[in-house]
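>
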Amino acid sequence: MKLAVTLPHQNSVETLANAGADILIVGISGASLRTQTLFKLEDVIALIDRVKIIKKSIWVKLDALFYDVDLPYLTKIIEKLSMKKVDGFIFIDPAVYKIAQSLNMTEKLIYAPTTYLTSYQDESFWQEKNIQGTIISPVVSLEEMLKIAHESQGKTGIIGHGFINMFHSRRRLLESYGNHINQPLSDESAPLYIEEALRDEKYPIIQDQTGTHVFKEKPLASFKVINDIKNLIDWLIVDTYLIAPKDVKSIVADYKAVLMGEDVNGLIKRYENSHDDGFYYRQSVLKKGDTS
Amino acid sequence: MMKPELLAPAGDLEKLAVALHYGADAVYIGGREFSLRARASNFDLESIEEAVKIAHQHQKKLYVTTNIIPRNDDFEGFIDYIKTLESIEVDALICASPSVVSLIKQHTNLEVHLSTQQSVTNALAINFWQSEGIQRIVLARELTLNELKVLRQHTDIELEVFIHGGMCVAYSGRCVLSNVMTDRDANRGGCAHSCRWNYTLFKKHKPLESSTPFSMSSKDLQSIQHIETLMKIGIESLKIEGRMKSIHYIATVVNAYRHLIDAIFNKNQIDLNHYIKLITKAENRFTSDGFLGGMTSVKQQLYNQRNEQPTQAFIGFVKDYEEQTQRALIEQRNYFEVGDQYEIFTPEQTYGPYTIASLETLAGHQVTVARHPQELLWLHVSRPLRAFDMIRKV
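Chains as they are written, first to last, in the numbering used here: chain H, 7 to 298; chain W, 4 to 397.
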């Protein structure tokens, strides 16, 4: 299992690499969702060189949903970065696949659709497209995830650490609400939180150029399951969005330590209260045929 | 200008009959398995077969949704199911999962439409799905008219656009609020509509003081003003949402858009306010034009309004008509009484107002009130009526 980490800041490259990251994931302006820093294309090109020097891999997040007006820029990004030998492109939108296909480089693609990859049958569909791999949706249970990974004919990964996104709207919901109550709420640098009347959970809510995003209250941690999955899952992603920059290095180092054989029990305890298990031990109650 | 298909929802056979009666060109339904809106669906295979017969008798089309995003174990029985649907002669299946699409293509010759759950927003994504054998794309509801125009110019596949009804606030298929908050899987028919709930907004961990709670809820889509543009763009199918809606809602909304589409196609003089007024006779949440008019703002959002505005104007519909006695057999759907004024709502036109002069039970007893849900009563109406014509109080 390799550790892939979203780069919170350009100064973090060597630090995270030394902490144990095998792959650095960078966001790019106009093409990435929910990333701490969105780099300009020329900055990403410079980062590629830095990452290559320290013999690590670099993936670029192209995980936005694109509109026709975005396609020329998207094509330019993919063309330029593939020439610079980026190791992988994370995508959701099939437009990315089509562009990569036209450039004969689908083998760089990693399909990471957040909510759609919930069955080995759908995972298999994408593996047959000659891509590098898939990221299993974080909404499946551990049992479901293991089945998907086991059946996969290619490489699979998971978002193993970080704030899971629950909701993404094109609408600017904070701005609209602010207008309604006459209190300005434009793009804020720190997240706001929403709490539903009957639940004791505060969900981070962020509005940016791509719309409005709502996250689970606590970040996911995968220390409880890592020994179950490390021989089946190829990549564990540490998504650093909304995570305090001072904590990122130690998180990466902790996962690396476990992967190198260190005992995980102390880490499980350390992360227990401030993190949750995501959907590992949850099942949706509405399944096939259940019409309650 | 081509005339688009008007596509209406139906949660059961009665709603299907009403949708067709009031002018839908095609209807979409969900089976008890493999579809979203699981709670909306009363269609087992036997009733799907009946639905196909009814639609085809009217020279209309019927589509079946198989649009869940499946889990590993959700494919059991699927191949038999789709083969049966093919033998029943459904006209197309609406899907969201690519492996579901592949299975349909491998095992049947059925036409496949890609669900809005895949949130397709650009021409290259459309080309991708077209190469997978998809024959129609139900586009994301986040597209503006300008974006639709550009899309249409770059694709030759059939395009379908929502024109009326409830909207997901998030990109369809990409929301797990319901999964997190209620353990109900939004992508397999269990959505709890958590986006419509009220929330307290916290800034720097302090609650924002406001008498209006935060909500993500949106007004329903209503696009009367944009139908002509959609027709000029060349959208092949205009879709109404609402498999859980009442028969009166379906009749009212379908009929309003039917008349508007026909008027535009026939180049008649059009007063949009007339059609907007027609639609308000159905129970509705507040409506807006969604993203069709451009990027959304506070005008498209809904605060402190979780319930539909109910109407009790709809009082019954015609089950039968006796020419000889000039009596219509009415099934009661809301309270009414002798002396009430009413109008008759038919697919062609609305007639009235009239006054209820008398009411008679099946047993021949005169009554003055109709208070029991679904009770059958005879009403004297000199105008010949057909089954599913409706009666509304005025």
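We put the beta carbon where it would ideally sit given N, CA and C, even for glycine.
For the segment 199-286 of chain W, list the beta strand (DSSP E) runs that are entirely contained and at least 3 residues long, ordered along the chain.
Counting only runs of 3 or more, we get 202-206, 223-225, 240-243.
> Go ahead and pull the three-state DSSP assignment for W/Gln120.
Helix.
> Measuring alpha carbon to alpha carbon, tell me which residue in H/Leu198, H/Lys222, H/Thr218, H/Phe169 is nearest H/Glu207.
It is H/Lys222 whose Cα lies nearest to the Cα of H/Glu207.
> Can you tell me whether W/His59 is helix, strand or coil according to DSSP?
Reduced to three states, the DSSP call for W/His59 is helix.
> I need the DSSP call for H/Thr297, collapsed to helix, strand or coil.
Residue placement at H/Thr297 is poorly supported in this model, since its pLDDT is 43, which falls under 50; the coordinates still yield a value, given next. Here H/Thr297 sits in coil by DSSP.
> Determine the burial state of W/Arg1: buried for a count of at least 16 other Cβ atoms within 10 Å of its Cβ, exposed for fewer.
Here chain W covers residues 4 to 397 and nothing more, so residue 1 of chain W does not appear.
> Kindly indicate which three-state DSSP category H/Ala27 falls into: helix, strand or coil?
DSSP places H/Ala27 in coil when its eight states are reduced to three.
> Given W/Ile73, which residues of its chain have a CB within under 6 Å of its CB, disregarding the five upstream and five downstream residues?
For the record, residue 73 of chain W in the displayed sequence is Pro; it is not Ile. Excluding positions up to five away in sequence, the list reads Ser100.
> According to DSSP, W/Lys396 sits in a beta bridge with which residue or residues?
W/Lys396 pairs with W/Tyr345.
> Where do the ends of the beta strand (DSSP E) carrying H/Phe221 lie?
Run containing H/Phe221: 217-221, per the beta strand (DSSP E) assignment.
> Taking the straight line between their C-alpha atoms, what separation do you get for H/Pro299 and W/Pro210?
Outside the modelled stretch of chain H, which goes from 7 to 298, sits residue 299 of chain H, for which no answer is possible.
> Which of the three DSSP states is assigned to W/His375 in this structure?
Coil, per DSSP.
> Mark H/Pro100 as exposed unless 16 or more other C-beta atoms lie within 10 angstroms of its C-beta, in which case mark it buried.
Result: buried.
> Among all the DSSP beta bridges, which residues are the ones paired with H/His174?
H/His174 pairs with H/His219.
> Whose Cβ in chain W lies nearer than 7 Å to the Cβ of H/Gln213?
Residues of chain W passing the Cβ test: none, with the nearest at roughly 11 Å.
> What's the C-alpha gap between W/Glu52 and W/Phe37?
Cα to Cα, the separation comes out at about 17 Å.
> Kindly indicate which residue of H/Glu268, H/Lys67, H/Gly267 has the alpha-carbon position closest to the one of H/Gly33.
Ranking the options by Cα distance to H/Gly33, first place goes to H/Lys67.
> Can a CB atom of chain H be found closer than 9 Å to the CB of W/Trp200?
At least one chain H Cβ lies under 9 Å of W/Trp200.
> For the beta strand (DSSP E) containing W/Lys108, name the first residue and the last one.
That residue, W/Lys108, is in no beta strand (DSSP E); its alpha helix (DSSP H) goes 101-110.
> What does H/Ala10 pair with, by DSSP beta-bridge criteria?
Looking at the DSSP assignment, H/Ala10 forms a beta bridge with H/Ile29, H/Ile243.
> H/Gly163 and H/Ala10 look like a contact to me (Cβ under 8 Å); what is the Cβ gap, rounded to whole Å?
7 Å between Cβ atoms; contact.
> Write down every uninterrupted run of the beta strand (DSSP E) in the segment 137-210 of chain H whose length is 3 residues or greater and which is fully enclosed by it, in chain order.
Those beta strand (DSSP E) runs which fall completely within the segment 137-210 of chain H and span 3+ residues are 139-142, 161-167, 171-175, 198-202.
> Please state if the CB of H/Lys86 and the CB of H/Leu47 are separated by a distance shorter than 9 Å.
Cβ distance < 9 Å, so H/Leu47 and H/Lys86 count as in contact.
> What three-state label does DSSP hand H/Lys91 in the structure shown?
Three-state DSSP puts H/Lys91 in coil, outside helix and strand.
> H/Asp253 lies in the alpha helix (DSSP H); which residues open and close that run?
First-last of the alpha helix (DSSP H) with H/Asp253: 251-265.
> DSSP beta-bridge partners for H/Lys67?
DSSP lists H/Gly33, H/Ile96 as partners of H/Lys67.
> With 8 Å as the limit, tell me which residues of the segment 49-64 of chain H have their beta carbon closer than that to any beta carbon of chain W; keep them in chain order.
Flagged: no residues at all.
> Taking only the alpha-carbon atoms, compute the straight-line gap between H/Asp214 and W/Ser220 and give it to the nearest angstrom.
Taking the straight line from one Cα to the other gives about 19 Å.
> By DSSP, does W/Thr69 sit in helix, in strand, or in coil?
Note: W/Thr69 maps to strand in three-state DSSP.
> Out of curiosity, what's the CA-to-CA distance linking H/Tyr247 and W/Asp186?
Cα to Cα, the separation comes out at about 25 Å.
> When you compare each of H/Ser35, H/Met89, H/Asp282, H/Asp28 to W/Val183 by their alpha carbons, which one comes out closest?
The option with the nearest alpha carbon to W/Val183 is H/Asp282.
> For the alpha helix (DSSP H) containing W/Val21, list its first residue and its last residue.
Here the alpha helix (DSSP H) through W/Val21 covers 16-24.
> For H/His167, would you say it is in contact with chain W, using Cβ-to-Cβ distances shorter than 9 Å as the test?
H/His167 does not count as touching chain W.
> Could you give the distance in angstroms between the alpha-carbon of W/Val397 and the alpha-carbon of W/Tyr345?
About 5 Å.
> Residues of chain H with a CB under 9 Å from the CB of W/Pro73: which are they?
Simply Thr124, Ser125, Gln127, Asp128, Lys294.
> Count the other C-beta atoms from every protein chain shown that fall within 10 angstroms of the C-beta of H/Thr218, then say buried if there are 16 or more, exposed otherwise.
Classification of H/Thr218: buried, given that the 10 Å Cβ count is 16 or more.
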